[in-house]
Amino acid sequence: MNIVMVTNTYTPHVGGVARSIEAFTSEYRRRGHRVLVVAPEFPGTSTTETDVVRVPAIQNFNGSDFSVALPVSGLLHDALQTFTPHIIHSHHPYLLGMTALRVARYYRLPLVFTHHTRYEEYTHYVPLDSPKLKRFVIELATRYCNLCDQVFAPSKSILSLLEERGVTTPVTVVPTGVQVESFSRGDGPGVRDNMGIPRDAFLVGHVSRLAPEKNQRFLAEAVAAFLETVPPAHFLVAGKGPSEADIRAVFDRQGLSDRLHLAGILDHRQLADAYHAMDVFAFASKSETQGMVITE
Numbered sequence: 228m229n230i231v232m233v234t235n236t237y238t239p240h241v242g243g244v245a246r247s248i249e250a251f252t253s254e255y256r257r258r259g260h261r262v263l264v265v266a267p268e269f270p271g272t273s274t275t276e277t278d279v280v281r282v283p284a285i286q287n288f289n290g291s292d293f294s295v296a297l298p299v300s301g302l303l304h305d306a307l308q309t310f311t312p313h314i315i316h317s318h319h320p321y322l323l324g325m326t327a328l329r330v331a332r333y334y335r336l337p338l339v340f341t342h343h344t345r346y347e348e349y350t351h352y353v354p355l356d357s358p359k360l361k362r363f364v365i366e367l368a369t370r371y372c373n374l375c376d377q378v379f380a381p382s383k384s385i386l387s388l389l390e391e392r393g394v395t396t397p398v399t400v401v402p403t404g405v406q407v408e409s410f411s412r413g414d415g416p417g418v419r420d421n422m423g424i425p426r427d428a429f430l431v432g433h434v435s436r437l438a439p440e441k442n443q444r445f446l447a448e449a450v451a452a453f454l455e456t457v458p459p460a461h462f463l464v465a466g467k468g469p470s471e472a473d474i475r476a477v478f479d480r481q482g483l484s485d486r487l488h489l490a491g492i493l494d495h496r497q498l499a500d501a502y503h504a505m506d507v508f509a510f511a512s513k514s515e516t517q518g519m520v521i522t523e
């Protein structure tokens, strides 16, 4: 089958949605399907990537780490002429998601949609955020679902949420798989040595995109309070984003900056090593639909 994946976020952007799409794309190809990914331009994109159409985009929209795609339909139509798709798989209900809807209708192709995100938790990235805007975003996503032929929810809770909001299109739960064997082993002691963390210290760990919707100021305050009661303990954070400054500020204020270790963005192997260095994984996000890092 020839599958077109249309998304507002894709690697090298760091985040659960980008990683989910990458995982499904890889598995589809392994099973013999052809996959074309349509995604915004993003800094650091490989010049050798194949079967990816990059759409011009505004970078770091409103201070975020997201790219906002510009509506350039000609690029997509040219690519589809040679790809001959059988199905369009949209991963967002807006921006390129609307392009996916138009393309599916133009070519008379089935359109499926994965509802990855509680979109109302992300309206702070838009100027003039308000309760009215949150309601509008919920209504937009619900209407988009009802224009599709099939909807996928990453968890049972999201399926229930969509049904409560009035989605009448069939919804099936399809969580993102995790390569269990990839995370079953890792060099935890090596990570501790490289980061200057004593091997016998109790280590609290966190992996995530560092952004306001992940509730990391609260997390940092909670972990800092714990570290004050357990002097040998340390905090390891893997990820990048605008909330890194909030985490630093909390630890600086509490005089604990020497026990905060920011690892930045880690590749798959390094991530497994980091997990194995931790004694406990701490997570405070209230915007998750499946939380892949928890599964990992």
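Using our numbering, the letters of the sequence shown map in sequence onto residues 228 to 523. Here a beta-carbon is modelled for each residue, glycine too, at the ideal position from N, C-alpha and C. Every value quoted in this text rests on a predicted model; they were computed, and no experiment measured them.
Under 8 angstroms between C-beta atoms of residue i and residue j
i    : j    : result
H495 : S409 : yes
I385 : H351 : no
R444 : V477 : yes
V265 : R256 : no
P459 : F429 : yes
G404 : A245 : no
G417 : D506 : no
P397 : V378 : yes
G423 : A504 : no
S512 : N442 : yes
P320 : A296 : no
R345 : T516 : yes
V434 : L483 : no
Sheet register partners of residue i (DSSP bridge)
i    : result
L463 : G432, H488
H304 : Its beta-bridge partners do not exist; DSSP assigns none.
N229 : R261
V407 : DSSP lists no partner for V407.
H316 : M232, V339
F508 : G432
V279 : V264
Element boundaries [beta strand (DSSP E), containing residue i]
i    : result
A266 : 261-267
Q377 : 377-380
N421 : Premise fails: N421 lies in the alpha helix (DSSP H), 415-422, not in any beta strand (DSSP E).
V400 : 398-400
Neighbourhood of residue i by C-beta, 8 angstroms cutoff - its chain only, sequence neighbours within 5 removed
i    : result
K467 : V241, D292, R436, L437, G491, I492
P312 : N229, I230, V231, L263, Y334, L336
L389 : H342, T369, C372, V378, A380, V398
Y237 : A245, I248, E249, V264, A266, P267, F269, V279
D420 : R426
Anticipated Cβ contact below 8 angstroms, residue i with residue j, distance rounded
i    : j    : result
V339 : C372 : Not really, about 11 angstroms apart at Cβ, beyond 8 angstroms.
D473 : A447 : 7 angstroms
L548 : V330 : Because the chain here runs from 228 to 523, residue 548 falls outside it and cannot be looked at.
V233 : A327 : 4 angstroms
V457 : L489 : Actually they are not in contact, since the Cβ atoms of V457 and L489 sit about 20 angstroms apart, beyond 8 angstroms.
Beta-carbon contacts of residue i that lie in its chain and below 7 angstroms, excluding the five residues immediately before and after
i    : result
T272 : P239, R281
D356 : T350
Where the alpha helix (DSSP H) through residue i begins and ends
i    : result
T326 : 323-334
H495 : 495-504
T238 : It is not in any alpha helix (DSSP H) - T238 carries neither H nor E in the DSSP assignment.
A472 : 471-480
F445 : 443-456
A368 : 358-373
V520 : 519-522
E391 : 383-391
Neighbourhood of residue i by C-beta distance below 6 angstroms, restricted to the same chain and skipping five residues each side
i    : result
D414 : D500
E348 : E440, S514
E471 : L437
L487 : F462, F478
L322 : N235, A296
G324 : S317
Chain D within 8 angstroms of residue i, Cβ atoms only
i    : result
V431 : No chain D appears in the structure shown, which is made up of a single protein chain.
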